[in-house]
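Undergrad: One structure, pasted below without further comment.
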Amino acid sequence: MAVKIEKKIKGYSVVTPEDKAKESARSEAAARKAVDELPTADVIQMHERIERPEILIGSTYKIKSPLFEHALYVTINDIVLNAGTEHELRRPFEIFINSKNMDHFQWIVALTRIMSAVFRKGGDVTFLVDEMKAVFDPRGGYFKPGGVYMPSLVAEMGAIVEDHLKSIGMMHDPDMSDAQRALIAEKRSAYEQRSKKNSDVAAVVPAAAADAGHAEDIEVTGEGVSFPPSATMCHKCSTKAVVIMDGCATCLNCGYSKCG
Ligand SMILES: [Zn+2]
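Okay, structure coming up:
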């Protein structure tokens, strides 16, 4: 293409092959830099080829069941992926169970190895919680302090995995609305008022009856709130927290209510 030069020429140089090479190298570097500056999308997710780091962080939970003479200690270790970035994830990596009790040793070893393998496969491992919590012991379950019914030891392990996954942000409680929470608090205080009145009445009748009245007081234990001893099992939240109020069965834990 012809270019008409309208100004005076003050100097000139010839483009050599070296200049051309330098120029293309420069544009290549610029392109590479632009790519480097793009936000990277390779967030590491849990998968089975991730090697176990030398050190893992974890938590140990204690299970004390009336079905066992000795306590069981459940340890879940976590791996931290993408540490220090906005994509930081804490994922369960392995589970161990320790106990003096050797009765169920082979099954416990098998269960924990398979669970660890599922953890390392990655993806949504929360299904383990539902599967384990649905295991019923044909010899019958037991109540934990606080009145939560455990249908089996495996179910309690499932509850521990659930607590753990909640603590690392992999599972969340279903949201309870403010109105629902307020309703439960209201029912609870109404029930407390009534049982207080009952125990005042009981104070003028023989001592044994007074004791029975007193036993109905709701105590707050170290484990959090507990429910009246006469409360029955709620089928919605598996907690012994259902009381009869105004002819309606009312759960003081989750607010479930059934009249009639
Ligand atoms: Zn309930």
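Letter by letter, the sequence shown follows residues 523 to 782 in our numbering. Think of the CB as a built atom: it goes at the ideal place given N, C-alpha and C, for glycine as much as any other residue. All values reported here derive from a predicted model rather than from experimental measurement.
Taking 9 angstroms as the threshold (beta carbon to beta carbon), is Phe590 in contact with chain C?
TA: Of the chains in the structure shown, none is chain C; there is only one protein chain.
Undergrad: Report the rounded CA-to-CA distance for Leu705 versus Gly769, giving the unit in angstroms.
TA: Here residue 705 refers to the residue found at position 183 when the sequence shown is read from its first residue. Here residue 769 refers to the residue found at position 247 when the sequence shown is read from its first residue. Computed Cα separation, rounded: 17 angstroms.
Undergrad: Would the stretch 575-585 count as touching the stretch 651-665 if we require 3 or more Cβ pairs under 8 angstroms?
TA: no
Undergrad: Whose C-beta lies closer than 6 angstroms to the C-beta of Thr597 among residues of the same chain, with five residues either side of it excluded?
TA: Position 75 of the sequence shown, counted from the start, is the residue given in the question as residue 597. Answer for Thr597: Gly580, Thr582, Phe618, listed in chain order.
Undergrad: Quick one: which unbroken beta strand (DSSP E) runs of 3-plus residues sit fully inside the stretch 588-632? Chain order, please.
TA: 594-603, 611-621
Undergrad: Should Val727 be labelled buried (16 or more other beta-carbon atoms within 10 Å of its own) or exposed?
TA: As a working note, residue 727 is residue 205 in the sequence shown. For Val727, the predicted structure reports a pLDDT of 46, less than 50, and the residue's modelled location is therefore unreliable. A value from the coordinates is still provided. Classification for Val727: exposed.
Undergrad: For Val657, collect the residues of the same chain with a Cβ closer than 6 angstroms to its Cβ; drop the 5 residues on either side in sequence, then sort them by chain order.
TA: Locating residue 657 in the sequence shown gives position 135, where the first residue counts as 1. If we look at Val657 and ignore the five residues flanking it on each side, its Cβ neighbours are Ser674, Val676, Ala677.
Undergrad: Since Gly663 and Met672 are thought to touch, with beta carbons under 8 angstroms apart, how far apart are those beta carbons, to the nearest angstrom?
TA: In the sequence shown, counting from the first residue as 1, residue 663 sits at position 141. In the sequence shown, counting from the first residue as 1, residue 672 sits at position 150. In this structure Gly663 is in contact with Met672, their Cβ atoms being roughly 5 angstroms apart against a cut-off of 8 angstroms.
Undergrad: Could you tell me whether any non-hydrogen atom of ligand 1 is closer than 8 angstroms to the CB of Ala656?
TA: Here residue 656 refers to the residue found at position 134 of the sequence shown. No, the beta carbon of Ala656 sits no closer than 8 angstroms to any heavy atom of ligand 1.
Undergrad: Output needed for Pro614: all residues of its chain with C-beta closer than 6 angstroms, excluding positions within five of it in sequence on either side, in chain order.
TA: Counting from one through the sequence shown, the residue named residue 614 turns up at place 92. Correct list, in chain order: Ile598, Asp600, Phe641.
Undergrad: For the beta strand (DSSP E) containing Ile527, name the first residue and the last one.
TA: The residue you call residue 527 lines up with position 5 of the sequence shown. Taken as a continuous stretch (DSSP letters only), Ile527 belongs to no beta strand (DSSP E), as it is neither H nor E.
Undergrad: Buried or exposed, going by whether 16 or more other CB atoms sit within 10 Å of the CB of Asn775?
TA: Taking the first residue of the sequence shown as 1, we reach residue 775 at position 253. Looking at its Cβ environment, which holds 16 or more other Cβ atoms inside 10 Å, Asn775 is buried.
Undergrad: Among Cys781, Glu708, Pro667, which one has its Cα closest to the Cα of Ile585?
TA: As a position in the sequence shown, residue 585 is number 63, starting the count at 1. Checked all of Cys781, Glu708, Pro667; the closest Cα to Ile585 is Pro667.
Undergrad: Can you tell me whether DSSP reads Ala753 as helix, strand or coil?
TA: Position 231 of the sequence shown, counted from the first residue, corresponds to residue 753. Coil, per DSSP.
Undergrad: Between Ile690 and Arg612, is the Cβ-Cβ spacing less than 9 angstroms?
TA: Counting from one through the sequence shown, the residue named residue 690 turns up at place 168. Counting from one through the sequence shown, the residue named residue 612 turns up at place 90. Yes, the Cβ-Cβ distance between Ile690 and Arg612 is below 9 angstroms.
Undergrad: For Gly777, I'd like the list of residues in its chain whose CB is within less than 7 angstroms of its CB, leaving aside the five on either flank, ordered along the chain.
TA: What you label residue 777 is simply residue 255 of the sequence shown in a count that begins at 1. Gln702, Leu705, Ile706.
Undergrad: Considering only DSSP beta bridges, list what Ile690 is partnered with.
TA: Position 168 of the sequence shown, counting from 1, holds the residue named residue 690. DSSP, once it has assigned bridges, lists no residue as partnering Ile690.
Undergrad: Looking at Leu594: is its Cβ nearer than 9 angstroms to the Cβ of Ser621?
TA: Residue mapping note: residue 594 aligns to position 72 of the sequence shown, counting from 1. Residue mapping note: residue 621 aligns to position 99 of the sequence shown, counting from 1. Cβ distance < 9 angstroms, so Leu594 and Ser621 count as in contact.
Undergrad: Do Gly644 and Met698 have their C-beta atoms closer together than 9 angstroms?
TA: Residue numbering aside, residue 644 sits at position 122 when the sequence shown is read from its first letter. Residue numbering aside, residue 698 sits at position 176 when the sequence shown is read from its first letter. No, these two residues do not count as a Cβ contact at 9 angstroms.
Undergrad: Please tell me whether Arg574 and Glu616 are closer than 9 angstroms, where the distance is taken between their beta carbons.
TA: As a working mapping, residue 574 is identified with position 52 in the sequence shown. As a working mapping, residue 616 is identified with position 94 in the sequence shown. Taking 9 angstroms as the Cβ cut-off, Arg574 and Glu616 qualify as a contacting pair.
Undergrad: Per DSSP, what are the beta-bridge partners of Thr634 in this structure?
TA: Position 112 of the sequence shown, counted from the first residue, corresponds to residue 634. The partner list for Thr634 (beta bridge, DSSP) is empty, contrary to what the question assumes.
Undergrad: Would the beta-carbon of Val764 be found less than 8 angstroms away from any heavy atom of ligand 1?
TA: Taking the sequence shown and counting its residues from 1, one reaches residue 764 at position 242. Yes, the Cβ of Val764 comes within 8 angstroms of a heavy atom of ligand 1.
Undergrad: So what's Val536 in DSSP terms, helix, strand or just coil?
TA: Numbered from its first residue, the sequence shown carries residue 536 at position 14. Residue state, collapsed to three classes: coil.
Undergrad: For ligand 1, any of its heavy atoms closer than 8 angstroms to the Cβ of Cys770?
TA: On the sequence shown, residue 770 is found 248 positions in, with the first residue counted as 1. Taking the Cβ of Cys770 as the reference point, every heavy atom of ligand 1 lies at 8 angstroms or farther away.
Undergrad: Looking only at its own chain, which residues have a Cβ that is under 6 angstroms from the Cβ of Gly680, when we skip the five neighbours before and after it?
TA: Here residue 680 corresponds to residue number 158 of the sequence shown, with the count starting at 1. So the qualifying residues of the chain are Val651, Met654, Lys655.
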